[in-house]
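*Asks:*
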Amino acid sequence: MKVIWTKDGKEIRSGGNFRITFLENTPHLIIQKADRSDSGSYSCRVSNEVGSDICENVVIVKDRKIPPSFTRKMRDSQATEGSSSKFECRITGSPPFDVKWYHNGSDLIPKDTCRFYMSENVAVLEFLEFQLTDAGTYMCKATNEVGSTTTTAKLFVKGKVLIFYSH
Numbered sequence: 001m002k003v004i005w006t007k008d009g010k011e012i013r014s015g016g017n018f019r020i021t022f023l024e025n026t027p028h029l030i031i032q033k034a035d036r037s038d039s040g041s042y043s044c045r046v047s048n049e050v051g052s053d054i055c056e057n058v059v060i061v062k063d064r065k066i067p068p069s070f071t072r073k074m075r076d077s078q079a080t081e082g083s084s085s086k087f088e089c090r091i092t093g094s095p096p097f098d099v100k101w102y103h104n105g106s107d108l109i110p111k112d113t114c115r116f117y118m119s120e121n122v123a124v125l126e127f128l129e130f131q132l133t134d135a136g137t138y139m140c141k142a143t144n145e146v147g148s149t150t151t152t153a154k155l156f157v158k159g160k161v162l163i164f165y166s167h
């Protein structure tokens, strides 16, 4: 029996990224550490003294999906009532990312004094004007199709110092 494997019309030999094996008299082509360059039209032609047959298939190798992770996490922070600042978290992994923010365990809802957005794989929670009720624990959760991760930080908000003058 003679077996010839081809990719896009060119013969493949065992070695490098390809391994050709026979298991129970059946030929197998194993692509080790497949990547996108291994996508293509593959065929296996088997022949002997009686005749031949061919099996063809198209292989599409997709990029491996990577779960999100934070390369820059939030840090505990102090602020003064009325001031502005932001939490930023840099996310790596396979986009797209779904990012949710939480304050003391509850979904954070944007309001006039705070907003959140994504900029170049950086999740941003921006406070335009801190209020005393903004103090607490914040969590950023990033999710994609293969996983999720979180980072948390505490925010301490000091009240404004009011000075009264009397005449």
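Quick note: the sequence shown uses UniProt numbering, first residue 1, plus one each step. Backbone N, C-alpha and C define an ideal beta-carbon position, used for all residues, glycine too.
Can you pull the DSSP bridge partners for D134?
*Replies:* Looking up residue 134 in the sequence shown gives position 134. Looking at the DSSP assignment, D134 forms no beta bridge with any residue, so it has no partner.
*Asks:* Mind checking which residues open and close the beta strand (DSSP E) that includes P27?
*Replies:* For this step, residue 27 is matched to residue 27 along the sequence shown. P27 -> beta strand (DSSP E) spans T26 to I31.
*Asks:* On the three-state DSSP scale, how would you describe D112?
*Replies:* Here residue 112 refers to the residue found at position 112 of the sequence shown. In this structure, D112 counts as coil in the three-state DSSP scheme.
*Asks:* I'd like the list of long-range same chain contacts for G159, defined as Cβ closer than 7 Å, with 5 residues on each side in sequence excluded.
*Replies:* Here residue 159 is taken as the residue at index 159 of the sequence shown, counted from 1. Counting only Cβ-Cβ distances below 7 Å, and skipping sequence neighbours, we find E81 and L132.
*Asks:* Taking the C-alpha atoms as reference points, what is the distance between E129 and E88?
*Replies:* By one-based count along the sequence shown, residue 129 stands at place 129. By one-based count along the sequence shown, residue 88 stands at place 88. The alpha-carbon atoms of E129 and E88 are separated by roughly 17 Å.
*Asks:* So, are the CB atoms of P68 and T149 less than 9 Å apart?
*Replies:* Against the sequence shown, residue 68 aligns to sequence position 68. Against the sequence shown, residue 149 aligns to sequence position 149. It is a contact, given that the beta carbons lie within the stated cut-off.
*Asks:* Measure the C-alpha to C-alpha separation of S37 and V61 and round it to an integer number of angstroms.
*Replies:* Position 37 of the sequence shown, counted from the start, is the residue given in the question as residue 37. Position 61 of the sequence shown, counted from the start, is the residue given in the question as residue 61. Cα-Cα distance, rounded: 8 Å.
*Asks:* Where do the N-terminal and C-terminal ends of the beta strand (DSSP E) with K154 fall, by residue?
*Replies:* What you label residue 154 is simply residue 154 of the sequence shown in a count that begins at 1. Unbroken beta strand (DSSP E) run through K154: G147 to K158.
*Asks:* What residue range is occupied by the uninterrupted beta strand (DSSP E) comprising S83?
*Replies:* Along the sequence shown, one-based indexing puts residue 83 at 83. Note, S83: premise wrong, no beta strand (DSSP E); not H, not E.
*Asks:* Would you mind working out which of I20, D8, G15 and N144 sits nearest T92, comparing C-alpha positions?
*Replies:* Position 92 of the sequence shown holds residue 92. Here the closest residue by C-alpha is N144.
*Asks:* Tell me whether V50 is buried or exposed, calling it buried when 16 or more other Cβ atoms sit within 10 Å of its Cβ.
*Replies:* On the sequence shown, position 50 is the one that residue 50 refers to. Exposed, because fewer than 16 other Cβ atoms sit within 10 Å of the Cβ of V50.
*Asks:* Check the DSSP bridge columns for K2 and list the partner residues they point to.
*Replies:* Locating residue 2 in the sequence shown gives position 2, counting from the first residue. According to DSSP, which records beta bridges pairwise, K2 is partnered with S47.
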